[in-house]
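Protein chains in written order, with the numbering used here: chain S, 2 to 114; chain H, 23 to 132.
Okay, structure first, notes after.
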Amino acid sequence: NAGVTQTPKFQVLKTGQSMTLQCAQDMNHNSMYWYRQDPGMGLRLIYYSASEGTTDKGEVPNGYNVSRLNKREFSLRLESAAPSQTSVYFCASRAPAGQETQYFGPGTRLLVL
Amino acid sequence: QKEVEQDPGPLSVPEGAIVSLNCTYSNSAFQYFMWYRQYSRKGPELLMYTYSSGNKEDGRFTAQVDKSSKYISLFIRDSQPSDSATYLCAIPSGGFKTIFGAGTRLFVKA
């Protein structure tokens with residue numbers, strides 16, 4: 002039981018390059034999330050997917066797109082990376098309805114030059 | 023005003039000290055309160071949750087909620103170097119979202 006996995010662990014991009022961050026969970030959770038974490042800012046929600054087939058914007062969606070590929074996988078795409086997107090990105094999934102616990106992956110550290 | 027405020031620290035204490043970590047929130051409708059612990063270069067993990075005012079104890083950890091003041095606290099007794107981490111308060115805000123505090127970095131010195 003791996004929980005939530007993320008790839009890659011670390012990435013360096015040049016301004017304007019694109020990339021996709023991958024996330025998968027094996028807990029059969031319906032809801033999945035993408036956050037970014039910056040010093041002093043805490044976790045800020047980028048996008049979430051309440052269930053397979055649905056996605057919604059969070060607090061800071063600009064510059065990002067997401068795809069809920071199936072129940073297990075939720076990817077985050079940066080179409081044209083900017084230095085302001087340098088951050089640590091966390092994927093999370095949430096326990097079934099009635100429980101609020103979110104389970105986080107190990108994170109992807111992204112540096113945009 | 024942010025919905026959840028948390029002092030980012032850092033907070034440095036000697037081993038064995040009692041640690042108090044705190045958050046304030048603005049929405050009196052919030053009813054469920056959580057604390058996550060995040061070790062360096064790891065993802066956050068749920069530490070404790072509480073659903074009402076008062077205290078909840080789990081080993082050396084106590085979560086406290088004061089709804090009248092909109093204030094939540096996490097106390098760590100007999101702190102250990104292994105408690106060194108970032109502690110984030112978190113409040114489910116309805117629907118599928120949770121609001122996280124900025125996190126307080128704690129260092130426990132041996």
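Glycine included, every Cβ here is placed at the ideal spot set by N, Cα and C.
- Rounded to the nearest angstrom, the Cβ distance from Ile-121(H) to Glu-25(H) is 5 Å, consistent with a contact under 8 Å.
- The beta-carbon distance between Asp-57(S) and Tyr-65(S), rounded to whole angstroms, is 13 Å. This is too long to meet the 8 Å contact definition.
- Our two residues, Thr-16(S) and Arg-78(S), have alpha carbons roughly 14 Å apart in a direct line.
- For Met-20(S), no Cβ of chain H is located within less than 8 Å of the residue's own Cβ.
- The beta carbon of Gln-103(S) sits closer than 8 Å to some beta carbon of chain H.
- Among the residues facing chain H, Pro-107(S) is included, as its CB has a counterpart in that chain under 8 Å away.
- A straight line joining the alpha-carbon of Ala-51(H) with that of Gly-59(S) spans about 21 Å.
- In the three-state DSSP reduction, Gln-86(S) falls in the helix class (H, G or I).
- Residue-level contact by beta carbon fails for Arg-37(S) and chain H, as no gap is shorter than 8 Å.
- In the three-state reduction of the DSSP assignment, Ser-104(H) falls in the helix class, which pools H, G and I.
- Those residues of the region 114-128 of chain H placed with their C-beta closer than 9 Å to a C-beta in chain S are Pro-114, Gly-117, Phe-118, Lys-119, Thr-120, Ile-121, Phe-122, Gly-123, Ala-124, Gly-125, ordered along the chain.
- Taken atom to atom, the span from the alpha-carbon of Arg-45(S) to that of Thr-109(S) is near 15 Å.
- Taking every protein chain shown into account, the CB of Gly-99(S) has fewer than 16 other CB atoms within 10 angstroms, so this residue is exposed.
- Per the Cβ contact rule, the region 40-54 of chain H is not in contact with the region 80-97 of chain S (fewer than 3 Cβ pairs under 8 Å).
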